[in-house]
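Numbering-wise (numbering that gives the first Met the number 0), the sequence shown opens with residue 0 and increments by one. In this text, a Cβ means the ideal position worked out from N, Cα and C, and glycines have one as well.
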Amino acid sequence: MGNHPIESLMKTAMESIQQIVDVNTIVGDPVESPDGSVIIPISKVSCGFAAGGSEFAPPDDKEGGNSGGGTPGQGPALPFGGGAGAGVSVQPVGFLVVGNGNIRLLPVDSNVVVDRLIDTVPDLLERITGMFQKKKRTTDEIIIARD
């Protein structure tokens, strides 16, 4: 069986999608800021694809000849109608910021209160631990000074 016209439609559409959507579309090119931090844009890509077609029966041939233009031994070639389509959506998710010994994801979404709280928990724990250690050192110094 030879190549069907729908195969070429699908191949063309898939090649076009492949050219549009690559790794650089999802994880963008890094940009270095003046303070030495590197900012990398992160996006979400959604794709949709559809293809379809139909072969139409030729009109009745009263003479019985091969008016369809088919190859000998396979009968007449049927008229073909088809189409293919694709859609691509690219939405920014956030920016990955690497610098000063930290890696942070700065989301683009406006509802990021929970993410901000989670990001600040490690710093908060370090500060609280530092306060307790400082208090313990001061207490130990007072005890040593009394002796």
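Beta carbon of Pro148 nearer than 8 Å to that of Gly93: Missing from the structure shown is residue 148; the chain here goes from 0 to 146 and no further.
Pair within 8 Å by beta-carbon distance, Gly52 and Ser42: no
The stretch 3 to 13 / the stretch 76 to 88 touching (three or more Cβ pairs under 8 Å): yes
Element boundaries [beta strand (DSSP E), containing Val44]: 37 to 54
Euclidean distance between Cα positions of Phe55 and Val20: 35 Å
Cα-Cα separation between Asp108 and Arg136, rounded to whole angstroms: 44 Å
Three-way DSSP call (helix, strand, coil) for Val150 in this model: Residue 150 is absent from the model: the chain starts at 0 and stops at 146.
Which of helix, strand or coil DSSP assigns to Lys135: helix
Nonlocal neighbours in the same chain, by C-beta distance under 7 Å from Ser32, ignoring five residues either side: Ile38
For Val30 and Pro91, the rounded distance between their alpha carbons: 16 Å
Helix, strand or coil at Pro91 according to DSSP, with G and I counted as helix: strand
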